[in-house]
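Everything on this sheet refers to the single structure shown next.
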Amino acid sequence: MNKQFDVIVIGGGPGGYIAAIRAAQLGFNVACIDEWKNANGGPALGGTCTNVGCIPSKALLQSSEHFEQAGHHFADHGIEVKGLSLDMAKMVGRKDTVVKQNNDGVLYLFKKNKVTFFHGRGSFASSKDGLYDIKVAGTAEEVITGKHIIVATGSNARTLPGTPFDEEIILSNDGALRMLDVPKKLVLIGSGVIGLEMGSVWRRLGAEVTVLEGLPTFLGVVDQQIAKEAYKAFKSQGLKIELGVKVGEIKTNEAGGKKSVSVAYTNAKGEAQLLDVDKLIISIGRVANTIGLSAESAGLRLDERGAILVDADCKTNLPNVWAIGDVVRGPMLAHKAEEEGVAVAERIAGQHGHVNFNTIPWVIYTSPEIAWVGQTEEQLKAAGKAYRAGTFPFLANGRARAIGDTTGMVKMLADATTDEILGVHIVGPMASELIAECVVAMEFRASSEDIARICHAHPSLSEATKEAALAVDKRTLNF
Ligand code: FAD
Ligand code: NAI
Numbered sequence: 000m001n002k003q004f005d006v007i008v009i010g011g012g013p014g015g016y017i018a019a020i021r022a023a024q025l026g027f028n029v030a031c032i033d034e035w036k037n038a039n040g041g042p043a044l045g046g047t048c049t050n051v052g053c054i055p056s057k058a059l060l061q062s063s064e065h066f067e068q069a070g071h072h073f074a075d076h077g078i079e080v081k082g083l084s085l086d087m088a089k090m091v092g093r094k095d096t097v098v099k100q101n102n103d104g105v106l107y108l109f110k111k112n113k114v115t116f117f118h119g120r121g122s123f124a125s126s127k128d129g130l131y132d133i134k135v136a137g138t139a140e141e142v143i144t145g146k147h148i149i150v151a152t153g154s155n156a157r158t159l160p161g162t163p164f165d166e167e168i169i170l171s172n173d174g175a176l177r178m179l180d181v182p183k184k185l186v187l188i189g190s191g192v193i194g195l196e197m198g199s200v201w202r203r204l205g206a207e208v209t210v211l212e213g214l215p216t217f218l219g220v221v222d223q224q225i226a227k228e229a230y231k232a233f234k235s236q237g238l239k240i241e242l243g244v245k246v247g248e249i250k251t252n253e254a255g256g257k258k259s260v261s262v263a264y265t266n267a268k269g270e271a272q273l274l275d276v277d278k279l280i281i282s283i284g285r286v287a288n289t290i291g292l293s294a295e296s297a298g299l300r301l302d303e304r305g306a307i308l309v310d311a312d313c314k315t316n317l318p319n320v321w322a323i324g325d326v327v328r329g330p331m332l333a334h335k336a337e338e339e340g341v342a343v344a345e346r347i348a349g350q351h352g353h354v355n356f357n358t359i360p361w362v363i364y365t366s367p368e369i370a371w372v373g374q375t376e377e378q379l380k381a382a383g384k385a386y387r388a389g390t391f392p393f394l395a396n397g398r399a400r401a402i403g404d405t406t407g408m409v410k411m412l413a414d415a416t417t418d419e420i421l422g423v424h425i426v427g428p429m430a431s432e433l434i435a436e437c438v439v440a441m442e443f444r445a446s447s448e449d450i451a452r453i454c455h456a457h458p459s460l461s462e463a464t465k466e467a468a469l470a471v472d473k474r475t476l477n478f
């Protein structure tokens, strides 16, 4: 007889592994199937986020920021660095160690919570009497049976038509995080989150970086006052960003044993341009991954973009089959996937799991960092909502001056009548951490006055949030 489970989770990324752990905590007998392999062919739990996403990118962002600081900013603090050099193999090795610690951490959590792990590809085989048979194709092949199935198969990088990733010259996020030499010249197509984070890493390490963006607006989803401030900062760092381009032919070339890639494009003025560079990173978004899941033969409905169709509760069209994370609608973020995983496990247990899409924070881990929650000024205007805005620059914050990082601001938007906070937008130091207070405030439906009346430690960057709240009422104390 097949092994039987109450819940089978397909995919062990942040959506899947968190769903499995929460379901196990709620008393279910849970299996999780994940196919990711490490360099030795062993399991590497944690999905895109752990292996080629959030974790390795943040490790390299940190290392490259240290290099940038040592090379360009330590002198401001009276610290002289002589003979600064880069050991890329060591930097990449450290990043790999951080990844492995996280992979092993998930395996440990599965043992601790008694989640049965299967290493291999899971696919729908058949269903009968309200139970689903799931085939696991790993080193061995077996079929397991479950009552509830949670699909958390994530996403893959999208490329341009006719330009497959070779991960040597034409790179996705995977290759972009594995380069052992700093390219002299690098082009990124797409100035979204990956374009800016990876562009920053390789620029700090010495590459001449050009980012080509199709849209005429920089970071169109971000509050435009914040986006403009960020654009200025990136430009002054030497990151070349061209907006409104149309990418044409991409060709790989080889001369004298050296490979390169040429990217033809038309710039915003309509002029034909050609860049010949060492590496190209394509970062134009990601597509939901249902490869090898036998989703369609199982009758699972997909939307027009290939994502699994779900309702607000992450229910698919098949009874007791759920889908979460990047493989469904909504922002492709690890914490959104995790929240959906917890909510689905709780719904299976008859509880009322809930994900508040209005308070999902976004962070771009560049320098300055960009973070936001809630609505932008542009969205409020488009919705005809009456609001008051308050901004406070880090230039006027004592801690920011002491740190030596005064770029950017905090911007708070509040309802003109009720004063409820509708959105907070930050560009500046530690924006990733500062946004947490704003998420809590919005979850509790706080007003800007609530934040203005709360005692914030001095000197701290969080005082800029308090001052932005005071600014909503036009009564900043330090500016
Ligand atoms: P995934 O993490 O993609 O996991 C899916 C898992 O399912 C994988 O392990 C895959 O191998 C496995 N799988 C797929 N099909 C099968 C199958 N049939 N059988 C068995 N296993 C299968 N988000 C943030 O919130 N913060 C960040 O800082 C951040 N940085 C990022 C940086 C980069 C470069 C990239 C590419 C992404 C980043 N993201 C970040 C996005 C984040 O990685 C994703 O939103 C998140 O990983 C989605 O989680 P998931 O569980 O839905 O899918
Ligand atoms: P993205 O959606 O953030 O940005 C893609 C960019 O490419 C957009 O600006 C788009 O206009 C542009 N583009 C699309 N087609 C183009 C074309 N043909 N030519 C030129 N430009 C084009 O996607 P990205 O950067 O690939 O990241 C994918 C997702 O991964 C993100 O949306 C995010 O969900 C997640 N991620 C999250 C991170 C974080 O939370 N810090 C970090 C990295 C990724």
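Quick note: the sequence shown uses numbering that gives the first Met the number 0, first residue 0, plus one each step. Every residue, glycine too, gets a C-beta built ideally from N, C-alpha and C.
task = Pair every Cβ in the stretch 90-102 with every Cβ in the stretch 265-273, then say whether three or more of these pairs are closer than 8 angstroms.
result = Short answer: they don't touch.
Exposure label - Ile290; buried when at least 16 CB within 10 Å = Taking the first residue of the sequence shown as position 1, residue 290 is located at position 291. Exposed is the call here.
request  = Look up Asn252 in the DSSP assignment and give the residues it is bridged to.
outcome  = If you number the sequence shown from 1, residue 252 lands on position 253. Answer by DSSP bridge pairing, in chain order: Ser259.
request  = With DSSP as the reference, label Gly393 as helix, strand or coil.
outcome  = Within the sequence shown, residue 393 is the residue found at index 394, counting from 1. It should be noted that the sequence gives Phe, not Gly, for residue 393. When secondary structure is reduced to three states using DSSP, Phe393 falls in the helix class.
ask   = Can you tell me whether Glu303 is buried or exposed, with buried defined as 16 or more other CB within 10 angstroms of its CB?
value = In the sequence shown, residue 303 corresponds to position 304, counting from 1. It is exposed - the Cβ of Glu303 has fewer than 16 other Cβ atoms within 10 Å.
inquiry  = If you follow the beta strand (DSSP E) that Leu147 is in, where does it begin and where does it stop?
reply    = Locating residue 147 in the sequence shown gives position 148, counting from the first residue. It should be noted that the sequence gives His, not Leu, for residue 147. Unbroken beta strand (DSSP E) run through His147: 140-150.
task = Could you check what DSSP says for Thr464 in three-state terms: helix, strand or coil?
result = For the purposes of this step, residue 464 is identified with residue 465 of the sequence shown, where counting begins at 1. Thr464 falls in the helix class under three-state DSSP.
request  = Give me the Cβ distance between Met331 and Arg300, rounded to the nearest whole Å; I'm assuming they're in contact under 8 angstroms.
outcome  = Here residue 331 refers to the residue found at position 332 when the sequence shown is read from its first residue. Here residue 300 refers to the residue found at position 301 when the sequence shown is read from its first residue. No, Met331 and Arg300 are not in contact; Cβ-Cβ is about 20 angstroms, not under 8 angstroms.
message = Using 8 angstroms for Cβ pairs, my map puts Ile148 next to Ile133. What's the rounded Cβ distance?
response = Position 149 of the sequence shown holds residue 148. Position 134 of the sequence shown holds residue 133. Beta-carbon to beta-carbon, Ile148 and Ile133 are separated by about 7 angstroms, close enough to satisfy the 8 angstroms threshold.
query = Is Asn172 near the ligand FAD, judged by its Cβ being under 6 angstroms from some heavy atom?
reply = The residue given as residue 172 occupies position 173 in the sequence shown. True, at least one ligand heavy atom lies under 6 angstroms from that Cβ.
The stretch 439-454 touching the stretch 463-470, judged by at least three CB pairs closer than 8 angstroms = Counting Cβ pairs under 8 angstroms, three or more are found: they touch.
inquiry  = Using 8 angstroms as the cut-off, can you tell me whether the stretch 407-422 makes contact with the stretch 435-446, which would need three or more C-beta pairs spanning the two stretches below that distance?
reply    = Taking 8 angstroms as the limit for Cβ pairs, the verdict is that the stretch 435-446 does touch the stretch 407-422.
query = Cys313 to His118, Cα distance in whole Å?
reply = Mapped onto the sequence shown, residue 313 falls at position 314. Mapped onto the sequence shown, residue 118 falls at position 119. Near 25 angstroms, if we compare the C-alpha coordinates of His118 and Cys313.
ask   = Along the chain, which unbroken stretches of the beta strand (DSSP E) at least 3 residues long are found entirely within the stretch 170-208?
value = DSSP runs (the beta strand (DSSP E)) wholly in the stretch 170-208: 184-188.
query = According to DSSP, which residues form a beta bridge with Ala322?
reply = By 1-based counting over the sequence shown, the position of residue 322 is 323. Per DSSP, Val150.
inquiry  = Could you check if Met331 belongs to the surroundings of the ligand NAI, using beta carbon to heavy atom distance under 6 angstroms?
reply    = For the purposes of this step, residue 331 is taken as residue 332 along the sequence shown, with counting starting at 1. The ligand NAI has a heavy atom closer than 6 angstroms to the beta-carbon of Met331.
task = Could you have a look at Ser479 and say whether DSSP puts it in helix, strand or coil?
result = The structure shown does not extend to residue 479, since the chain is modelled only from 0 through 478, so no value can be given for it.
request  = Along the beta strand (DSSP E) that carries Gln272, what are the first and last residues, could you check?
outcome  = As a first step, residue 272 is located in the sequence shown; it is residue number 273 there, counting from the start. For Gln272, the enclosing beta strand (DSSP E) stretches over residues 271-276.
inquiry  = For Val80, count the other beta carbons within 10 Å of its own beta carbon; 16 or more makes it buried, fewer makes it exposed. Which is it?
reply    = Indexing the sequence shown from 1 puts residue 80 at position 81. Classification of Val80: exposed, given that the 10 Å Cβ count is below 16.
ask   = Touching or not, the stretch 119-132 and the stretch 238-246, by the rule of three or more beta carbon pairs under 8 angstroms?
value = Between the stretch 119-132 and the stretch 238-246 there are fewer than three C-beta pairs closer than 8 angstroms, too few to call the two in contact.
query = Between the C-alpha atoms of Val105 and Gly77, what's the straight-line distance to the nearest angstrom?
reply = Within the sequence shown, residue 105 is the residue found at index 106, counting from 1. Within the sequence shown, residue 77 is the residue found at index 78, counting from 1. Roughly 43 angstroms between the two C-alpha positions.
ask   = Asp275: beta carbon under 6 angstroms from a heavy atom of the ligand FAD?
value = For the purposes of this step, residue 275 is taken as the residue at position 276 of the sequence shown. Flag unset: Cβ of Asp275 not near the ligand FAD.
request  = Look at Val246 and Ile188 and say whether their C-beta atoms are less than 7 angstroms apart.
outcome  = Start at 1 with the first residue of the sequence shown, and residue 246 comes out as number 247. Start at 1 with the first residue of the sequence shown, and residue 188 comes out as number 189. In this structure, Ile188 lies closer than 7 angstroms to Val246 by Cβ.
Spatial distance of Glu228 from Val341 (CA atoms) = Locating residue 228 in the sequence shown gives position 229, where the first residue counts as 1. Locating residue 341 in the sequence shown gives position 342, where the first residue counts as 1. Cα-Cα distance, rounded: 36 angstroms.
inquiry  = Give me the residue from Thr144, Met441, Leu460, Val221 with the minimum Cα distance to Lys2.
reply    = Numbered from its first residue, the sequence shown carries residue 2 at position 3. The alpha carbon of Lys2 has as its nearest neighbour, out of Thr144, Met441, Leu460, Val221, the alpha carbon of Thr144.
task = Pick out the complete alpha helix (DSSP H) segments inside the stretch 323-403, 4 residues or longer, and give them in chain order.
result = Correct list: 333-347, 376-381, 397-402.
task = Mind reading off the beta-carbon distance from Val114 to Ala19? Whole number of angstroms is fine, and I expect it under 8 angstroms.
result = By one-based count along the sequence shown, residue 114 stands at place 115. By one-based count along the sequence shown, residue 19 stands at place 20. Contact holds; Cβ gap of about 5 angstroms.
ask   = What do you get for Leu476, buried or exposed, if any count of 16 or more other CB atoms within 10 angstroms of its CB means buried?
value = Within the sequence shown, residue 476 is the residue found at index 477, counting from 1. Exposed.
ask   = Pick from Lys36, Val8, Val309: whose alpha carbon is nearest that of Val51?
value = As a first step, residue 51 must be located in the sequence shown, where it is residue number 52. Ranking Lys36, Val8, Val309 by Cα distance to Val51 puts Lys36 first.
key: According to DSSP, residues forming a beta bridge with Ile450   = Here residue 450 refers to the residue found at position 451 of the sequence shown. DSSP lists no partner for Ile450.
query = Are three or more beta carbon pairs between the stretch 166-185 and the stretch 203-210 nearer than 8 angstroms?
reply = Between the stretch 166-185 and the stretch 203-210 there are three or more inter-stretch CB-CB distances shorter than 8 angstroms, so the stretches are counted as touching.
message = Can you look up Cys31 in the DSSP assignment and give me helix, strand or coil?
response = As a first step, residue 31 is located in the sequence shown; it is residue number 32 there, counting from the start. Strand.
ask   = Quick check: the stretch 218-234 against the stretch 372-389, are there 3 or more CB pairs under 8 angstroms?
value = With the rule of 3 Cβ pairs closer than 8 angstroms, the stretch 218-234 counts as touching the stretch 372-389.
His531: first and last residue of the uninterrupted alpha helix (DSSP H) it sits in = Coverage of the chain is limited to positions 0 through 478, which leaves residue 531 absent and any answer about it impossible.
request  = Could you tell me the distance, in whole angstroms, from the CA atom of Ile280 to the CA atom of Leu59?
outcome  = Within the sequence shown, residue 280 is the residue found at index 281, counting from 1. Within the sequence shown, residue 59 is the residue found at index 60, counting from 1. So the two alpha carbons sit approximately 16 angstroms from each other.
query = How is the beta strand (DSSP E) around Thr115 delimited, first residue to last?
reply = Taking the sequence shown and counting its residues from 1, the one referred to as residue 115 is at position 116. Thr115 -> beta strand (DSSP E) spans 115-127.
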